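Enquirer:
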Amino acid sequence: MKATRSRAAARKDNKEAVKPVEDRIIGKRKAALQADKSNKKRTNNVTSAKKDPNKPKRPPTAFFVFLEEFRIIYKQEHPKVKAVSAVGKAGGEKWKSMSTAEKAPYEAKAAKRKSEYEKLMAAYNKKLENIDDEEEAESETSKSQVNDKEDEESEEDEEGEDDD
2 MKATRSRAAA RKDNKEAVKP VEDRIIGKRK AALQADKSNK KRTNNVTSAK KDPNKPKRPP
62 TAFFVFLEEF RIIYKQEHPK VKAVSAVGKA GGEKWKSMST AEKAPYEAKA AKRKSEYEKL
122 MAAYNKKLEN IDDEEEAESE TSKSQVNDKE DEESEEDEEG EDDD
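Note that the working numbering gives residue 67 to position 66 of the sequence shown, counting from 1, and the numbers run on in steps of one.
Below, the structure is given as structure tokens:
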């Protein structure tokens with residue numbers, strides 16, 4: 002038995018073949034994929050601000066301060082385990098089982114690091130402001146200096162023309 006298509010289906014295909022590509026009817030999955038691609042194109046075109054390498058790093062939280070110490074202990078007890086995820090999971094479980102009294106020293110260290118970070122950020126921001134002020138002052142003086150030099154040169158040219 003031969004599989005035949007209905008006349009309506011054949012007409013629909015012919016009409017879509019004549020239409021431009023953008024106007025053709027698209028299935029749900031393809032439409033979703035096209036929407037995702039268009040969003041990616043938009044994000045690629047938008048350039049994000051570049052990170053300053055001199056900017057201080059944010060301080061770790063109490064959990065990450067704990068994890069620094071826990072990693073060393075865990076690796077000594079389990080030298081064959083190389084997976085980072087295993088260390089993280091074990092550290093998370095240990096952190097959850099700890100009481101607030103046990104967490105207190107790590108929270109104190111984290112608070113100390115945070116206060117140091119805030120001092121560094123204040124110094125960094127002052128430094129940025131000073132650089133911006135200097136650049137503005139340079140641009141203002143350079144514009145006026147350039148204009149003065151152009152004025153002097155044009156006056157000299159005019160005097161040279163008067164001598165002829």
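Here a beta-carbon is modelled for each residue, glycine too, at the ideal position from N, C-alpha and C.
Keep in mind the model is a prediction, meaning the values are calculated, not measured.
Rounded to whole angstroms, how far is the Cβ of R57 from the Cβ of L121, which I believe are closer than 8 Å?
Expert: A small correction: the amino acid at residue 57 is Pro; Arg does not occupy that position in the sequence shown. That belief holds up - the Cβ atoms of P57 and L121 are roughly 4 Å apart, short of 8 Å.
Enquirer: V66 and A102 look like a contact to me (Cβ under 8 Å); what is the Cβ gap, rounded to whole Å?
Expert: The Cβ separation is near 16 Å, so there is no contact.
Enquirer: When DSSP labels each residue in this structure, what does R72 get in the three-state scheme?
Expert: In the structure shown, R72 sits in a helix (DSSP, three-state: H, G or I).
Enquirer: Confirm, please, whether the CB-CB distance from F71 to G92 is below 7 Å.
Expert: Yes, Cβ-Cβ distance for G92 and F71 is below 7 Å.
Enquirer: To the nearest angstrom, how far is the alpha carbon of I74 from that of L68?
Expert: Their Cα atoms are separated by approximately 10 Å.
Enquirer: Who are the near neighbours of K104 in its chain, counting only those whose CB is closer than 7 Å to its CB and skipping five residues on each side?
Expert: These residues qualify, in order along the chain: A63.
Enquirer: For V88, report the span of its alpha helix (DSSP H) as first-last.
Expert: It spans 85–98 - the alpha helix (DSSP H) in which V88 sits, taken as one unbroken run.
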